[in-house]
Structures are given as C-alpha cells and as structure tokens.
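Presented below is the structure to which this report refers.
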Amino acid sequence: MESSIFESSKNVFLDIVNAGDYVQLDRVSTIYQSLKDSVNKPLKMILLYGKPGTGKSMFLKKLYHDLSNTKRVHLYQTPILDDSEFFKKLAHDLLDVKYNGELNFTQFMKVIEEHDVDEIPIILLDEAQLYSGSLMEKIRLLSDTRKMKFVIILHKTEKEDLIAKEHFQTRIWETIELENASSTELKTYIQKKLMKANCFDAANMFGNKSVNLIHKLTNGNYRDTNKLLYTLFDIYLQYLENDRSKININQVSNKIIEMSAIQTGLIDA
Ligand SMILES: Nc1ncnc2c1ncn2[C@@H]1O[C@H](COP(=O)(O)OP(=O)(O)O)[C@@H](O)[C@H]1O
Ligand SMILES: [Mg+2]
C-alpha cells in the first residue's frame, strides 16, 4: 500500500462539515426523512438536539443542500448574536431589503406582518444555544406570524433548558434527537467514508474487532472517531516511511488504535 493512500485516508477524517461528504446511515436516514416531512407541514418550530459530535451540523448542511433545490431555505451556521444584525440579515434574506441603521424587533415585526408570502421560507439555525433567551423569545414570536419557519439546533443540555420554558413547550411541534453511533453504525461510517474517497484498502482494514475497540474508546461519537482515525492514519504513515516491517497493513492493529487514543486524549497514558 502506498503512503498516498494513508495520506488520503487521514484527510477523510478531518473535522469538516461538507454536504458532499455526508454518509447515509440507517438511523439518520429515518430521522432525516421525518425532518424533511416536518418541514413540509404547516408547523411552527422544529428542534434538533444532541451532544456535540453527534452529527448535527453535518445533518443540517445536508438538509440545506437537499432542500435548496426546491424550497426557500437559509442556513445560519454561525449565530448572529446582535438582535438588530439578526433581523437585518433576515430582512435581507427573506424580503430582499437592506437596512443601514438599526432594525429593532418592533420595526421588523411590522415589516413582516405587512409582507405576504406564498411560500414559507425555512431558516436553519445552528448552534442556537448561543442565542440569548430574549432573542429566542423573539424568534418564537416570529414563528407565530407563520411568515417563516425555524429549525433550531441545540446542544443536548440546552434542550432541557429551552423546552422547560413553558412558552416553548406548546410551540415546538417536533423534537428530534441525534445520538452517538452504535458499533455497527460506526463500522458503516468508517468504511463508507473511506470508500467515498476511493480508499478501499484502508476501508478493508477495519473489521468488527477493531471497530468495537474504536467504539469503546469514542463511545460512537463522530467527532472523537474522526480525531482518533486522523491520528491513526498519521501513525501508520510514520511507520510506513520509517519502519515498514513493524506494521501489518491488512488489518488495523489494536495497539495503534490505543496509541491514537492516547495521542488524541481519549484515554490517559
Ligand atoms: N452522516 C455523516 N456523514 C459524514 N460525516 C459525518 C456524519 N455525521 C457526522 N460526521 C462527521 O462528524 C463530525 C462531527 O459532526 P458535526 O455535525 O460537526 O457534529 P455536531 O454539530 O453535532 O457537533 C463532522 O465534522 C463530520 O466529519
Ligand atoms: Mg455543530
């Protein structure tokens, strides 16, 4: 095996959110379908939550990518924390109006209420736990106008905080949770990701035993798995260049998996 394959394999596990790199996983596909259906229903808000590294941003990017062919959809990957800037961005995206000065909530509401929509635009808000409580409340009021629909993405812990607030309990029509992968899902994830990059030999290195160990170390978290495998291929590259006789390139070694886990801080040395 050429070192270029390890180089490509390593780069497969860079922590990048790109719709083209999306891997179809059964459980995620089911959730994805239900979310796509929800988006088509006349509901007000959708809440998607999960621990960091469970694939929320990736999922959202894919949703955005797929919906944008047929729908009016906007993705806000980075929260806009200033109220006025947030409303100005919405005004620009939804109404194609540019404001120079301040745009406060009352003013924006007035503009929205006067505006007729034939198709409700969808706004996808990633990292929504960073928005202030008062801005979330305004977002809720904007949803009530039915002139726009929000999909809100939150870290898991913040979900309890948010829906504990009673005004949100009745408003959020649907909540969807993303979770860490099972061992089987993790195997699919690793192999499909490598195969997408034409790293077939590398994909074949991961049997059930190796994946079970990786799952034990990462708990099935996608981000942690990326980190671990990026380091793992980096270690293989070093062996390949310096000490080729020490490695077996047909199967991943548990020792190197453990070394990678130590290097990435997943286990203590
Ligand atoms: N379905 C998927 N297909 C491909 N890569 C994924 C998928 N889910 C997660 N990932 C990978 O895992 C990493 C972490 O996922 P991310 O969406 O950023 O998690 P979160 O937003 O929940 O913290 C991403 O950079 C991406 O590389
Ligand atoms: Mg994210």
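Under my numbering, the first residue of the sequence shown is numbered 251, with each subsequent residue one higher. Each residue gets a CB set at the ideal place from its N, CA and C atoms; glycine is no exception. Just so you know, these numbers come straight off a predicted model, no measurement behind them.
query = CB of Asp474 to nearest heavy atom of ligand 1: below 6 angstroms?
reply = Here residue 474 refers to the residue found at position 224 when the sequence shown is read from its first residue. Every heavy atom of ligand 1 is 6 angstroms or more from the Cβ of Asp474, so no.
ask   = If you drop the 5 nearest sequence neighbours on each side, which residues of the same chain put their C-beta closer than 6 angstroms to that of Asn471?
value = Numbered from its first residue, the sequence shown carries residue 471 at position 221. Around Asn471: Gly303 and Asn430.
inquiry  = By the DSSP assignment, the beta strand (DSSP E) with Gly300 in it spans what residues?
reply    = Position 50 of the sequence shown, counted from the first residue, corresponds to residue 300. It spans Met295 to Gly300 - the beta strand (DSSP E) in which Gly300 sits, taken as one unbroken run.
query = Buried or exposed: Asn476, going by 16 or more other Cβ atoms within 10 Å of its Cβ?
reply = Counting from 1 along the sequence shown, the entry for residue 476 is found at position 226. Asn476 is buried by the Cβ-count criterion.
task = Give the C-beta separation of Ser253 and Leu487 to the nearest angstrom, bearing in mind that I take them to be a contact with Cβ-Cβ under 8 angstroms.
result = Here residue 253 refers to the residue found at position 3 when the sequence shown is read from its first residue. Here residue 487 refers to the residue found at position 237 when the sequence shown is read from its first residue. Ser253 to Leu487, Cβ: 6 angstroms. Contact.
key: Chain-order list of residues whose beta-carbon lies under 6 angstroms from that of Phe358 (same chain, five-residue window excluded)   = Here residue 358 corresponds to residue number 108 of the sequence shown, with the count starting at 1. Taken in chain order, the residues that qualify are Phe337.
Bounding residues of the beta strand (DSSP E) (the contiguous stretch that carries Lys399) = Stepping through the sequence shown from its first residue, residue 399 is reached at position 149. Element bounds for Lys399: Lys399 to His405.
request  = Write down the C-beta distance between Leu298 and Leu428 rounded to the nearest angstrom, noting that I regard them as a contact closer than 8 angstroms.
outcome  = Taking the sequence shown and counting its residues from 1, the one referred to as residue 298 is at position 48. Taking the sequence shown and counting its residues from 1, the one referred to as residue 428 is at position 178. Contact flag correct, Cβ pair sits at about 7 angstroms.
inquiry  = If the criterion is Cβ atoms closer than 7 angstroms, does the pair Ser259 and Phe483 meet it?
reply    = For this step, residue 259 is matched to residue 9 along the sequence shown. For this step, residue 483 is matched to residue 233 along the sequence shown. Yes, the Cβ-Cβ distance between Ser259 and Phe483 is below 7 angstroms.
ask   = Anyone know if the C-beta pair for Val461 and Lys446 falls short of 7 angstroms?
value = Taking the sequence shown and counting its residues from 1, one reaches residue 461 at position 211. Taking the sequence shown and counting its residues from 1, one reaches residue 446 at position 196. It is not a contact, given that the beta carbons lie outside the stated cut-off.
task = In the DSSP assignment, find the unbroken beta strand (DSSP E) run with Val375 in it and report its ends.
result = By 1-based counting over the sequence shown, the position of residue 375 is 125. With the sequence shown as reference, residue 375 is identified as Leu, and Val is not the correct amino acid for it. From DSSP, the beta strand (DSSP E) with Leu375 extends over Ile372 to Leu375.
request  = Please say whether Val401 and Ile296 have beta carbons closer to each other than 7 angstroms?
outcome  = By 1-based counting over the sequence shown, the position of residue 296 is 46. By 1-based counting over the sequence shown, the position of residue 401 is 151. For the 7 angstroms CB-CB criterion, Ile296 and Val401 form a contact.
task = Consider the C-beta atom of Lys306 and the heavy atoms of ligand 2; say whether any pair is separated by less than 6 angstroms.
result = Stepping through the sequence shown from its first residue, residue 306 is reached at position 56. Lys306 Cβ: within cutoff of ligand 2.
message = Distance check for Lys301 and Asp332, CA to CA, integer angstroms please.
response = Counted from its first residue, the sequence shown places residue 332 at position 82. Counted from its first residue, the sequence shown places residue 301 at position 51. Going by C-alpha positions, Asp332 is about 25 angstroms away from Lys301.
query = Any heavy atom of ligand 1 within a distance shorter than 6 angstroms of the CB on Gly303?
reply = If you number the sequence shown from 1, residue 303 lands on position 53. Yes, ligand 1 has a heavy atom inside 6 angstroms of this Cβ.
message = In the DSSP output, what is His324 paired with across the bridge?
response = Residue mapping note: residue 324 aligns to position 74 of the sequence shown, counting from 1. DSSP lists Ile373 as partners of His324.
message = Taking the straight line between their C-alpha atoms, what separation do you get for Arg322 and Gln274?
response = By 1-based counting over the sequence shown, the position of residue 322 is 72. By 1-based counting over the sequence shown, the position of residue 274 is 24. Going by the C-alpha atoms only, they are around 24 angstroms apart.
request  = Evaluate Lys505 with the Cβ neighbour count: other Cβ atoms within 10 Å of its Cβ, from every protein chain shown; 16 or more gives buried, anything less gives exposed.
outcome  = For the purposes of this step, residue 505 is identified with residue 255 of the sequence shown, where counting begins at 1. So Lys505 ends up on the exposed side.
Whole-angstrom distance between Asp346 and Arg390, CA atom to CA atom = What you label residue 390 is simply residue 140 of the sequence shown in a count that begins at 1. What you label residue 346 is simply residue 96 of the sequence shown in a count that begins at 1. One C-alpha to the other measures close to 22 angstroms.
inquiry  = Quick check on Ile517: does DSSP put it in helix, strand or coil?
reply    = Translated into the one-based positions of the sequence shown, residue 517 becomes position 267. Ile517: coil per DSSP, three-state reduction.
8 angstroms contact criterion, which Lys311 and Ala341 should meet: CB distance rounded = Here the question's residue 311 lines up with position 61 in the sequence shown. Here the question's residue 341 lines up with position 91 in the sequence shown. Taking a contact as a CB-CB distance under 8 angstroms, the pair Lys311 and Ala341 does not count as one, their CB atoms being some 24 angstroms apart.
query = Does at least one heavy atom of ligand 1 sit under 6 angstroms from the Cβ of Tyr326?
reply = Taking the first residue of the sequence shown as position 1, residue 326 is located at position 76. Incorrect: Tyr326 has no Cβ contact closer than 6 angstroms to ligand 1.
request  = May I have the straight-line CA-CA distance separating Asp271 from Cys449, to the nearest angstrom?
outcome  = Locating residue 271 in the sequence shown gives position 21, counting from the first residue. Locating residue 449 in the sequence shown gives position 199, counting from the first residue. When rounded, the distance between both Cα atoms is 14 angstroms.
message = Contact defined as beta carbons within less than 8 angstroms: I believe Leu325 pairs with Leu285. What is the distance between those atoms, to the nearest angstrom?
response = Translated into positions along the sequence shown, residue 325 becomes position 75. Translated into positions along the sequence shown, residue 285 becomes position 35. Rounded, the Cβ-Cβ distance is 14 angstroms, inconsistent with contact.
C-alpha gap between Asp276 and Gly351, whole angstroms = Within the sequence shown, numbered from 1, the residue matching residue 276 stands at position 26. Within the sequence shown, numbered from 1, the residue matching residue 351 stands at position 101. Looking at the two C-alpha atoms, the distance is approximately 48 angstroms.
message = Can you list, in chain order, the residues of its chain with a C-beta nearer than 7 angstroms to that of Thr520? Leave out the 5 residues immediately preceding and following it.
response = The chain is shown only over 251 to 519; residue 520 falls outside these bounds and no answer can be derived.
request  = Answer yes or no: does any C-beta atom of chain B fall closer than 7 angstroms to that of Tyr282?
outcome  = The displayed structure is made up of one protein chain only, and chain B is not part of it.
inquiry  = For Asp316 and Phe309, I'd like the C-alpha separation in whole angstroms.
reply    = For the purposes of this step, residue 316 is taken as the residue at position 66 of the sequence shown. For the purposes of this step, residue 309 is taken as the residue at position 59 of the sequence shown. If I take the Cα positions, the gap works out to 11 angstroms.
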